[in-house]
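Notes to accompany the following structure.
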Amino acid sequence: MNVFQKESPLPAAVLWDMDGTLVDTEPYWMRAETELVASYGGVWTHDDCMLLVGSGLWNSASILQARGVDMDADAIVQWLTDRVQEQLAEHGVPWRPGSRELLAELKDAGIPTALVTMSVKRMARQIVELIDFPAFDLIVAGDMVANSKPHPEPYLTAAATLGVDPTHCIAIEDSTPGVASAVAAGTITIAVPHQIDLPESAAYTRWSTLDGRTIDHVTALYRERLAHVELELLPDFLPDPAQPSVVGPITTRMQ
């Protein structure tokens, strides 16, 4: 990035994880997993559920197979998705605190948004269709990529499809695999822990909740991170003090 180039005060896009970040569907998945394992005579505990939070569905299927579920991976993914969709149809969108309000504010400001989820596309579409405003410009789902989170492919695909630089995007995540994926893709990542705690880290910004967070908080973080990157790059542009100066004073944008 050229430190002399004027940047937009707004992020190029905001990329949202779905389960556990935008909506609280994790209890639906946990109920479905427990029912499926029980149907094969097994026991599935809360700790077992935690193993699958943020994982791709086909990865989850292999773990369920190891616990005695005698179905192929595609059939497991279909069964779990059907069961979660049934619960969504019955109960509606279980928003996470502050997520709907922030999403609506970003859309009102004209910032592109993408839903980046490891759930399959048909379930992601169901949730998007239940939202009472046009919430997303793009869906990237687990059955649309070759590599699931924590691989960076889902977020890189979202940025590329929107035609934006991932380093100018904000990603919002709640799980360890999701945060790893977003960070590896180069996004400015906001970690909002839900089922699993996420420690403080220089690699991302940790918010305990989205409740009360506004577009002002998002844009302030965006400008802060860009300014930080510019300051890291600035020494590369400083003249060698042993050489005669041939340029005027060097400045960098600070916001």
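The sequence shown begins at 1070 in my numbering and counts up one residue at a time. For glycine and all other residues, C-beta sits at the position ideal for the given N, C-alpha and C.
| Check | Outcome |
| --- | --- |
| Ordered along the chain, which non-local residues of its own chain (more than five positions away) have a Cβ less than 7 Å from that of Tyr1109? | Gly1137, Val1138 and Asp1139 |
| For Gly1211, count neighbouring Cβ atoms within 10 angstroms of its own Cβ and tell me buried if that reaches 16, exposed if not. | buried |
| Can you tell me the Cα-Cα spacing of Asp1143 and Ala1289, whole angstroms? | 43 Å |
| With three or more beta-carbon pairs closer than 8 Å as the criterion, would you say the region 1200-1209 touches the region 1170-1187? | yes |
| Who does Thr1182 pair with in a DSSP beta bridge? | Val1083 |
| Quick one: what does DSSP say Trp1148 is sitting in, helix, strand or coil? | helix |
| Using 10 angstroms around the beta-carbon of Leu1303, count the other beta-carbons present and answer buried if the total reaches 16, otherwise exposed. | Its pLDDT being 49, under 50, Leu1303 is placed unreliably by the model, and the measurement read from it follows with that caveat. Under this definition Leu1303 is an exposed residue. |
| I'd like the span of the beta strand (DSSP E) that includes Val1209, first residue to last. | Leu1207 to Val1209 |
| Kindly confirm or deny that the region 1247-1259 and the region 1157-1170 touch, where touching means at least three C-beta pairs closer than 8 Å. | no |
| Mind listing, in chain order, the continuous beta strand (DSSP E) runs of no fewer than 3 residues lying wholly within the region 1091-1168? | none |
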